[in-house]
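Reading through the structure tokens given below for one structure.
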Amino acid sequence: MAWDFQTDPQFQQKLDWVRRFVDEELIPLEPIMGDFSAEQWRDAQEPLKQQVKDQGLWACHLEKELGGQGMGQLPLALMNLITGRCPYAQEIFGNMAPDSGNAELLAEGGTEAQKEKWLWPNLRGEIRSSFAITEPWVAGTDPTQIQSTAVLDGDEWVINGRKWMITNASRSDFIIFMLVTDPDAELHRRCSMIVVEKGTPGMDIFRDIPTMHHPNSEYGEHGNHAEIILDNVRVPKENLIGERGGGFILSQVRLGPGRIHHATRWIGEAERAYDMLCERTLSRASFGKAYAKHGMVQEYIADSRIELETAKLLTLKAAWTMDQLGHLGARSEIAMAKVYNAKVLYQVIDRALQVHGSLGYSCDMPLEMMYRSARMAPLVDGANEVHKISIARAELKRYEAVEGWPSEHIPSRREAALQRFAHLLDTAS
Ligand SMILES: Cc1cc2nc3c(=O)[nH]c(=O)nc-3n(C[C@H](O)[C@H](O)[C@H](O)COP(=O)(O)OP(=O)(O)OC[C@H]3O[C@@H](n4cnc5c(N)ncnc54)[C@H](O)[C@@H]3O)c2cc1C
Numbered sequence: 004m005a006w007d008f009q010t011d012p013q014f015q016q017k018l019d020w021v022r023r024f025v026d027e028e029l030i031p032l033e034p035i036m037g038d039f040s041a042e043q044w045r046d047a048q049e050p051l052k053q054q055v056k057d058q059g060l061w062a063c064h065l066e067k068e069l070g071g072q073g074m075g076q077l078p079l080a081l082m083n084l085i086t087g088r089c090p091y092a093q094e095i096f097g098n099m100a101p102d103s104g105n106a107e108l109l110a111e112g113g114t115e116a117q118k119e120k121w122l123w124p125n126l127r128g129e130i131r132s133s134f135a136i137t138e139p140w141v142a143g144t145d146p147t148q149i150q151s152t153a154v155l156d157g158d159e160w161v162i163n164g165r166k167w168m169i170t171n172a173s174r175s176d177f178i179i180f181m182l183v184t185d186p187d188a189e190l191h192r193r194c195s196m197i198v199v200e201k202g203t204p205g206m207d208i209f210r211d212i213p214t215m216h217h218p219n220s221e222y223g224e225h226g227n228h229a230e231i232i233l234d235n236v237r238v239p240k241e242n243l244i245g246e247r248g249g250g251f252i253l254s255q256v257r258l259g260p261g262r263i264h265h266a267t268r269w270i271g272e273a274e275r276a277y278d279m280l281c282e283r284t285l286s287r288a289s290f291g292k293a294y295a296k297h298g299m300v301q302e303y304i305a306d307s308r309i310e311l312e313t314a315k316l317l318t319l320k321a322a323w324t325m326d327q328l329g330h331l332g333a334r335s336e337i338a339m340a341k342v343y344n345a346k347v348l349y350q351v352i353d354r355a356l357q358v359h360g361s362l363g364y365s366c367d368m369p370l371e372m373m374y375r376s377a378r379m380a381p382l383v384d385g386a387n388e389v390h391k392i393s394i395a396r397a398e399l400k401r402y403e404a405v406e407g408w409p410s411e412h413i414p415s416r417r418e419a420a421l422q423r424f425a426h427l428l429d430t431a432s
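Number 57 in this note's numbering belongs to position 54 of the sequence shown; there are no gaps in the numbering.
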């Protein structure tokens, strides 16, 4: 299949606008983000969101009938490469996780009543949501081990269990839980997705877990990750999303696109660290010359640029493949971009921090926070190791085992060549 690298000139104008908007309107707010109350931040966002809407760039990940732009993955990736430069740009552009994935999930699997109750208000920004798979006692990388259960009792699901690391749960209006509803079914048909609304008796969102990224945040802050106990929580049976036992199939709808969106934004973030790296190398000198003239620093710059370009190509290819074949057809490409970009994000930030010396280590630069946050990349959205396993499996499908010597064994090939091409040697002599 041909692959076209050109960006439509009209869309390029939009991308230029996004770049100016992110650099001139959003990033300058960063140093006073901690001073905003929740209400002040909501008010401050409104005119910014309106500018995005006026440009026709609101909720670009969603189809038109869901209030999005239906632009496809490739243009969206080109945008995310830029919005990734600013940690709250996704909120301003209406494609913030976990709400973005939950909207896709409800759009795919929700009934009309569920869409009315949760999807449309969520898309209008009136209510917020979370998505809960991970549990403390079993490996999150292998969700077939999920232990939390939902048992149908008359017209209600009765839910028991424990979830943790659930992003934004302490401030969400509803949470979509992955729960075992059919323990005796085949492994990937055991779980279903069920919505529990805020304030439902028995659901105790008892703490926000301090993390490397946010070691000191207070309960209920945006971006926190909560631990939840579910103790005989009762919800109507209509809160089941999609079919009973269909949790794993539905989760693919959500997780595939989510992975590529994150992986693309990581490049934007790494580009910002790269800008800091280059600026610093030109601005400071040692041993009689600018850092930029020291060979090892030049290597930092060259390695970072090569990695960033490689990451971009991998990611745009994955986005393009999704547009051609859907996210299941692009599984390997998405996995490669996820694994590689996680590494690049970390490495580029690390080099930028190193070149800033003690200033980089200090909280006077954003690099230390970016560095702490970047550590999550190889383990969230599926651990890198697990993605590598699936890449290797897909790759090996293109090969077959051989009996005896390998196909490239030179003596065997020479023998075959002598037999096949003997006439050529005869002619030569
Ligand atoms: C910042 C953050 C936000 C999160 N938000 C959410 C959320 O909103 N909702 C939610 O449900 N979850 C969330 N999570 C949880 C996340 O999805 C899990 O941490 C992730 O799935 C890994 O599961 P685990 O932590 O149980 O690690 P484990 O499954 O115990 O894996 C730990 C490590 O073991 C190794 N490993 C495991 N399996 C293999 C294998 N097959 N081969 C080789 N090595 C392997 C890998 O090194 C892996 O990193 C979040 C996590 C973080 C850090």
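Beta carbons: idealized from backbone N, C-alpha and C, even for Gly.
- Each residue's CA atom was taken as its position, placing L65 and A153 some 30 angstroms apart.
- Of the candidates G271, L243, D234 and N171, the residue whose Cα lies closest to the Cα of Y222 is N171.
- A direct Cα-to-Cα measurement between I413 and T430 gives close to 24 angstroms.
- Your pair E336 and K320 checks out as a contact, with CB atoms roughly 6 angstroms apart and the cut at 8 angstroms.
- Pairing D185 with R247 gives a Cβ-Cβ distance under 8 angstroms.
- Collapsing the DSSP output to three states places N171 in coil.
- About 6 angstroms separates the beta carbon of D176 from that of R131, a gap short enough to meet the 8 angstroms contact definition.
- Shortest gap from the CB of V256 to any heavy atom of ligand 1: 7 angstroms or more.
- Nearest neighbour of L285 by Cα position, chosen from N227, R334, K341 and A355, turns out to be A355.
- Here L77 has A322, W323 and D326 as same chain residues with Cβ atoms under 6 angstroms from its own Cβ, once five neighbours each way along the sequence are excluded.
- Excluding its 5 nearest sequence neighbours in each direction, D353 has C-beta neighbours in its own chain below 8 angstroms: Y374, listed in chain order.
- A Cβ-Cβ separation of about 11 angstroms leaves V236 out of contact with G202 under the 8 angstroms criterion.
- With a beta-carbon spacing of about 13 angstroms, C194 and F134 fall beyond the 8 angstroms limit used to define contacts.
- Going by DSSP, V198 is part of no alpha helix (DSSP H) but of the beta strand (DSSP E) stretching over C194 to E200.
- Measuring C-alpha to C-alpha distances from L243 to each of G113, S103, K17 and D26 identifies G113 as the nearest.
- Within the same chain, T324 come within 7 angstroms of G332 by CB-CB distance, once the 5 residues on both sides are set aside.
- V183 carries a strand assignment under DSSP once its states are collapsed to helix, strand and coil.
- Relative to ligand 1, M168 has its C-beta within less than 7 angstroms of a heavy atom.
- Taken atom to atom, the span from the alpha-carbon of A106 to that of E312 is near 31 angstroms.
- With a cut-off of 7 angstroms, the C-beta of S133 is classified as near ligand 1, since at least one heavy atom of the ligand falls inside that distance.
- For ligand 1, a non-hydrogen atom lies closer than 7 angstroms to the CB of A142.
- Distance from the CA of R45 to the CA of E224, rounded to the nearest whole angstrom, comes to 13 angstroms.
- By the Cβ criterion, the stretch 361-375 is not in contact with the stretch 290-301, since fewer than three pairs of Cβ atoms, one from each stretch, lie closer than 8 angstroms.
- By the CB criterion at 8 angstroms, R401 and R275 fall outside the cutoff.
- The beta carbon of P213 lies closer than 8 angstroms to those of N219 and S220 in the same chain, with the five residues before and after it left out.
- The C-alpha of Y343 lies about 23 angstroms from the C-alpha of D7.
- When only Cα atoms are considered, G37 and L122 end up about 30 angstroms apart.
- G250 is bridged by DSSP to nothing; it lacks a bridge partner.
- The DSSP-derived three-state label of P369 is coil.
- Closest in alpha carbon position to K166, among P409, D57, T137 and D158, is T137.
- Residue nearest to E159 within the set R283, P239, V183 and L258 is P239 (criterion: CA-CA distance).
- In chain order, A355 place their CB closer than 6 angstroms to the CB of M279, counting only its own chain and leaving out the 5 sequence neighbours on each side.
- Excluding residues up to 5 positions away in sequence, Q148, I149 and Q150 lie with their Cβ nearer than 8 angstroms to the Cβ of V141 in the same chain.
- In the DSSP assignment, I208 falls within the unbroken beta strand (DSSP E) covering M206 to D211.
- Per DSSP, R354 is one residue of the alpha helix (DSSP H) stretching across R334 to V358.
- In this structure, L69 and G164 do not form a Cβ contact; the two beta carbons are roughly 31 angstroms apart against a cut-off of 8 angstroms.
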